[in-house]
Amino acid sequence: MRRPFVAGNWKMNLDRASAVALAKAVVQGVDAYPGVDVAICPPFVYLSAVAEVVTGSRVALGAQNLYPEPKGAFTGEISPLMLKDVGCSFVILGHSERRAMGESSDFVNEKVHAALEAGLRPIVCVGETLRQRKENKTSAVIRRQVEGSLAGLSAVQLSHCVIAYEPVWAIGTGENATPEQAEEVQAEIRHLIAARYGKDAADALRIQYGGSVTPANAESLMKMPDVDGGLIGGASLKADSFLAIVAAAQACKAS
Numbered sequence: 002m003r004r005p006f007v008a009g010n011w012k013m014n015l016d017r018a019s020a021v022a023l024a025k026a027v028v029q030g031v032d033a034y035p036g037v038d039v040a041i042c043p044p045f046v047y048l049s050a051v052a053e054v055v056t057g058s059r060v061a062l063g064a065q066n067l068y069p070e071p072k073g074a075f076t077g078e079i080s081p082l083m084l085k086d087v088g089c090s091f092v093i094l095g096h097s098e099r100r101a102m103g104e105s106s107d108f109v110n111e112k113v114h115a116a117l118e119a120g121l122r123p124i125v126c127v128g129e130t131l132r133q134r135k136e137n138k139t140s141a142v143i144r145r146q147v148e149g150s151l152a153g154l155s156a157v158q159l160s161h162c163v164i165a166y167e168p169v170w171a172i173g174t175g176e177n178a179t180p181e182q183a184e185e186v187q188a189e190i191r192h193l194i195a196a197r198y199g200k201d202a203a204d205a206l207r208i209q210y211g212g213s214v215t216p217a218n219a220e221s222l223m224k225m226p227d228v229d230g231g232l233i234g235g236a237s238l239k240a241d242s243f244l245a246i247v248a249a250a251q252a253c254k255a256s
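Heads up, the sequence shown is in the working numbering, so the first residue is 2 and it goes up one at a time.
What follows is the structure in C-alpha cells.
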C-alpha cells in the first residue's frame, strides 16, 4: 500500500513568529500519526527559521517554487541548490496559481528536472479550471499537464516525484471536488502513468488531492483508493485543522 503523504502549502501567509509557532505545533502533533508522511511549505523568507524547528523531526521541509538554474543573474529567483542548502526535501511545482501567471508545462518540466538533479522531491500540481470542466476538457487538460510536466523523466526519477491533483475551481473557494470526482481524475492520472511507465511505477506513485480540503471532508476524500493524501492550503495554517487531516489520512490509508 502507498504510504499517505500530507503537505501544507502556507502560500503567502504568516510572519516569522507565527510560522515558527505553527511548525512547532505540527512537529509536536505528528508523532501521534506514524503512518503518514508530513511536510510543510512556508514562504521562502521563513524557510531557514522553520528548518531549525523541523530538523530531526518527522516533518519534512518543502518550498513553494524554484527557478531551474543552480545560480546566476536571475534577480528575485531562488535556485534548487539554495533550497537544498536550507534543508528542503520537497518543492511544489506547477501550482495552479503559478500556471495562472503564465507558467507552461514545459517550464514546469524544466523545474522538475532541476529539482531532481539537486536532490529535491517535486510535488507536481495539475488541474483543470471550472470552464474546462464544464466544457468536458478535464481529461485533455490533465493529460497535457501530466505528459508535459513529466516529459523526459525516467521511471527512477518518477519514483522521487509526487503528483497533486488540484482542480482550480476548488482551490480557496470552499467548494471541493466530491470524493468521486477526485477519484475519477486521480485514477485517470494513474492510468496515464501506467501507460508510460508500467503498472508497478503507477501503483507506487503517490497522488495527492488538493482543493479546499478540511477536517470535515478529509476522511471521505482519503477513503478513495487513488487519493494518497493531500496538498493542503488554508487548513494547513492552523495546527489543529492540519493535524486533523493527517489523522484522517492515517485512519483511511495507514492500515
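For each residue, glycine too, the CB sits at the ideal point set by N, CA and C.
Asked	Found
For the beta strand (DSSP E) holding VAL125, just list the boundary residues, first then last.	122-127
At 4 residues or longer, what runs of the alpha helix (DSSP H) sit wholly inside the region 121-197?	131-135, 139-150 and 156-159
DSSP beta-bridge partners for ARG207?	VAL163
On the DSSP bridge assignment, give the partners of GLY231 in chain order.	VAL7 and TYR210
For LYS72, I'd like the list of residues in its chain whose CB is within less than 8 Å of its CB, leaving aside the five on either flank, ordered along the chain.	SER80 and LEU82
So, does the region 10-17 touch the region 219-230, judging by three or more C-beta pairs under 8 Å?	no
Do the region 20-37 and the region 88-106 make contact, defined as three or more Cβ pairs closer than 8 Å?	no
Specify, as a first and last residue, the run of the beta strand (DSSP E) that ILE41 falls within.	38-42
What is the rounded straight-line gap between the Cα of GLY103 and the Cα of TYR47?	26 Å
Once the 5 residues before and after ALA195 are set aside, which same chain residues still bring their CB inside 7 Å of it?	ALA203
Please classify GLY63: does DSSP put it in a helix, a strand, or coil?	strand
If you run the structure through DSSP and keep just helix, strand and coil, what is LEU15?	coil
Is PHE75 helix, strand or coil when you go by DSSP?	coil
Round the Cβ separation of ARG122 and HIS161 to the nearest angstrom and send it over; I've been treating them as touching at under 8 Å.	5 Å
What separation, rounded to the nearest whole angstrom, lies between the Cα atoms of CYS253 and PHE75?	44 Å
Could you tell me how far apart the beta carbons of GLY57 and CYS42 are, in whole angstroms, since I believe they sit closer than 8 Å?	Contact doesn't hold; Cβ gap of about 19 Å is too wide.
Quick one: residues in its chain with C-beta nearer than 7 Å to the C-beta of LYS25, no 5 flanking neighbours on either side, listed in chain order?	VAL54
Which of the three DSSP states is assigned to VAL92 in this structure?	strand
To the nearest angstrom, how far is the alpha carbon of VAL37 from that of PHE6?	6 Å
Run the CB neighbour count on PRO35, radius 10 Å, all protein chains shown included, and call it buried at 16 or more, exposed below.	exposed
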